[in-house]
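Trainee: Please find one structure pasted underneath; my questions will follow.
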Amino acid sequence: MPPPHNRVRLLIRDMMTVTQYQAILAVARNDFLKIFRKLVSSAQVLSTEETSYRRYCTALLVLRHFQCPAAVQGLTVSEWVNRKEVDDRVVIGFGRNETMQRAACFALTKEEEAWLQAYYSHIRPRVIRSDLNCDRFFLSSADTALLTVSNDLGVLHKAYEKSWSMGTLENFLRATSRQARSALETAAANLTDTEKEAVSSYLAYNTAVAKLRRVPTPQTVVATATLLDSLAGSDTDRFSGPSGTKSLDFAAFLMRFPASADSKAPTKLDRLKAGFPGDRVFYDKWRAAQKAKRMERLLKAFTRKPQESRVKYGILKEGWKNNCPKPADVLAAWKPATQFVIETDEDLRRNVSQQTWKGLAIKDFGGEKGLAVVATQPFSKGDIVCDYHGKVITYAQGKVMMQNLQDEAVYLFFFRTGQRPLCIDAQTFPCECHPCADTVGRRLNHSSKQANLCPEPFVLKVNGQDVDVVLFRALRDISVDIELKFDYGVKRKSFRGEDQDLQWLDE
Ligand SMILES: C[S@@+](CC[C@H](N)C(=O)[O-])C[C@H]1O[C@@H](n2cnc3c(N)ncnc32)[C@H](O)[C@@H]1O
């Protein structure tokens, strides 16, 4: 029999409601939101704050969405970029098939999505420093897949131990995933059988369990998430701050009016129409954020220390009439970049031979466009992003393959290196060297007007042999979530040698 004080704890645990298990989310919320605001306004965030932010995000998925730690750890970038908006929620992990190991599927509110997106677009890219190619959404600060979600939950509770008043029930509680899930099952006892099945499917996390159940539709996942909120005894805003604060929030302002180097400042009328104050407080902060972005772009544009006149010309070419950094400030902040030679760069050779390109995910846009590639970390103008991978064949062989294609998408890249016309065959799929991978280059879509990548032929020594490769270079700075595209360089009437009216080739 457990000692008396443990018996009291066990008894209290039996009485705990779902909301009480979720109390840590409310207690830590203000600190979390402070970091969120800093992230979206591009203010400096300490690495300790980044870790606390990640801990809160994983706690949210465990305690509010009842996902088990293994499912949170297994969440991938591909699942995140392929999330689907359904009604007022965003469904993640939908459309899995049997080859996938995890079966977590949950529906976030729009606010929660913005929180996780801030982790994904601001913290995750900073954590990826080495050459490890990790597709996991949550990374540890050592740039590897996060394996400590349970432990992180304990650390989050410990950090707020003192702020919980002595003698309250919460004081006894360090909620674990298992306890929160079992409190939910207790709360679900009076539901109908169909609702119970939906709840237990929302909680399922391994393929074996998920296979026994029907695959839920995204609408069912959303309905179940709403049901879970009601079982927790309150609505989706139960952790929200005082009403009316949202419109005073600069983070919300930036979300409504993103401050990129090229965006137009919101006018007073724009601000008022969107429900923000008409005064200059947010406006001035917005201008400072844009100025910082412009400074960043100018600094990246010069690989050698420029003359002041060149910086002035650079600003003129950008067409920025006001709110630009002073040329003298750009010169003061400029630092030389590290040298990078394509033909001898070891990382690049490894990426070509092993297809370990970082910062990219394949996203399904559906319809005619189909699969495409999006950035999962920022790229700078001039960066090599990936290659067009496939077997190098002769131009003539490529043309024969092209003529034999019916209506299917084309994965042949014709190019010239020196005087030699060649073709890369990515039509034959999967390739012999990567039988289990969908290589990213073949999923790049076309755009003649908004291309952000440019193909360049090179000869590289790969595994001791000279290999013809086509590398894609970023034509401009590319941020997270942007689709990567290049100009296929063909006209719609001549594509595939047929007189086909393919309108997308004019895009
Ligand atoms: C190299 S593949 C690109 C990846 C392809 N979307 C997929 O789902 O695998 C080329 C094919 O993609 C499609 N495609 C490329 N760019 C497109 C665009 N901008 N809009 C619509 N479809 C496009 C065309 O069917 C083309 O033959």
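Position 1, counted from 1, in the sequence shown is what the UniProt record's numbering calls 1; the numbers after and before it change by one each time, with no gaps.
Glycine included, each C-beta is placed from N, C-alpha and C at the ideal position.
Note that the structure is a prediction, hence the values are computed from the model and not measured.
#1: Assign Phe429 to one of two classes, buried (16 or more other C-beta atoms within 10 Å of its C-beta) or exposed (fewer than that).
#2: Measuring straight from C-alpha to C-alpha, what distance separates Cys431 and Phe413?
#3: Is the beta carbon of Glu507 less than 8 Å from the beta carbon of Lys449?
#4: What do you reckon, is the C-beta of Glu483 under 7 Å from a heavy atom of ligand 1?
#5: In whole angstroms, what is the alpha-carbon distance linking Gly74 and Arg136?
#6: When the Cα atoms are used, what is the spatial distance from Ala142 to Thr48?
#7: With distances taken between CB atoms, is the gap from Phe66 to Leu184 smaller than 8 Å?
#8: Quick one: give me the first and last residue of the alpha helix (DSSP H) that Ile24 is part of.
#9: Quick check: does the Cβ of Trp334 come within less than 7 Å of any heavy atom belonging to ligand 1?
#10: Within the present structure, is the beta-carbon of Trp80 separated from the nearest heavy atom of ligand 1 by less than 7 Å?
#11: Give me the residue from Ser177, Thr226 and Val81 with the minimum Cα distance to Glu195.
#12: Using the rule of at least 16 other Cβ atoms within 10 Å of the residue's Cβ for burial, across every protein chain shown, is Met1 buried or exposed?
#13: By Cβ distance below 8 Å, which residues in the same chain neighbour Tyr160 in space, the five residues on each side in sequence not counted?
#14: Kindly give me the distance between the Cβ atoms of Phe415 and Leu453, rounded to whole angstroms, as I take these residues to be in contact under 8 Å.
#15: Lys391: which of Arg442, Ala372 and Pro378 sits nearest, CA to CA?
#16: If distances are taken between C-alpha atoms only, which option among Thr76, Arg420, Pro435 and Ala292 comes closest to Ala426?
#17: For Gln40, I'd like the list of residues in its chain whose CB is within less than 7 Å of its CB, leaving aside the five on either flank, ordered along the chain.
#18: Less than 8 Å between the C-beta atoms of Val352 and Ala187, yes or no?
#19: What residues match up with Arg473 in a beta bridge as DSSP calls it?
#20: Please find out if some non-hydrogen atom of ligand 1 comes closer than 7 Å to the beta-carbon of His446.
#21: Roughly how many angstroms separate the alpha carbons of Thr176 and Phe138, rounded to a whole number?
#22: At what residues does the alpha helix (DSSP H) containing Phe282 begin and finish?
#23: Please state if the CB of Gly398 and the CB of Cys433 are separated by a distance shorter than 8 Å.
#24: Is any non-hydrogen atom of ligand 1 found closer than 7 Å to the C-beta of Lys264, if you look at the structure I gave you?
#25: Tell me, please, which residues DSSP counts as bridged to Arg420.
#26: Drop a sphere of 10 angstroms on the beta-carbon of Arg297, count the other beta-carbons inside from all chains shown, and report buried for 16 or more, exposed for fewer.
#27: Could you tell me how far apart the beta carbons of residue 554 and Ser78 are, in whole angstroms, since I believe they sit closer than 8 Å?
#28: Where does the unbroken alpha helix (DSSP H) through Arg181 begin, and where does it stop?
#29: Looking at Val385 and Leu484, is the spacing between their C-beta atoms short of 8 Å?
#30: By how many angstroms is the C-alpha of Ser201 removed from the C-alpha of Lys110?
#31: Could you tell me if Thr217 is buried or exposed, where buried requires 16 or more neighbouring beta carbons within 10 angstroms of its beta carbon?
#32: Would you say the beta carbon of Trp357 is closer than 7 Å to some non-hydrogen atom of ligand 1?
#33: Determine whether the beta carbon atoms of Ser42 and Ala292 lie at a separation below 8 Å.
#34: Return yes when the Cβ of Leu299 is within less than 8 Å of the Cβ of Ala328, no when it is not.
#35: Does Leu60 come out as helix, strand or coil in the three-state DSSP assignment?
#36: Going by the DSSP bridge assignment, what does Lys391 pair with across the sheet?
Mentor: Taking the definition as stated:
#1: exposed
#2: 15 Å
#3: yes
#4: no
#5: Those two C-alpha atoms are separated by around 6 Å.
#6: 13 Å
#7: It is a contact, given that the beta carbons lie within the stated cut-off.
#8: Ala23 to Val27
#9: no
#10: For Trp80, the shortest separation between its Cβ and any heavy atom of ligand 1 does not lie below 7 Å.
#11: Thr226
#12: Confidence at Met1 is low in this model, with a pLDDT of 46, below 50, so its placement is unreliable and no value can be given for it.
#13: The residues are Ile24, Val27 and Ala28.
#14: Between Leu453 and Phe415 the Cβ distance is about 14 Å, and since that is not below 8 Å, they are no contact.
#15: For the residues Arg442, Ala372 and Pro378, the minimum Cα distance to Lys391 belongs to Arg442.
#16: Closest by alpha carbon: Pro435.
#17: It should be pointed out that residue 40 corresponds to Val in this sequence rather than to Gln. Within the same chain, Val40 has close Cβ partners Ala118, Ala251, Leu254 and Met255.
#18: no
#19: Ile384 and Cys454
#20: yes
#21: 19 Å
#22: Per DSSP, Phe282 belongs to the alpha helix (DSSP H) from Val281 to Ala301.
#23: no
#24: no
#25: Thr417
#26: buried
#27: There is simply no residue 554 to check, as the chain begins at 1 and stops at 507 in what is shown.
#28: In the DSSP annotation of this structure, the continuous segment of the alpha helix (DSSP H) that includes Arg181 starts and ends at Ser177 to Ala187.
#29: Yes; because the gap between Cβ atoms is below 8 Å, this pair is in contact.
#30: Rounded to the nearest whole angstrom, the CA to CA distance from Lys110 to Ser201 is 22 Å.
#31: Exposed, since its Cβ has fewer than 16 Cβ neighbours within 10 Å.
#32: At a threshold of 7 Å, Trp357 does not count as near ligand 1, since its beta carbon sits no closer than that to any of the ligand's heavy atoms.
#33: yes
#34: no
#35: helix
#36: Asp425
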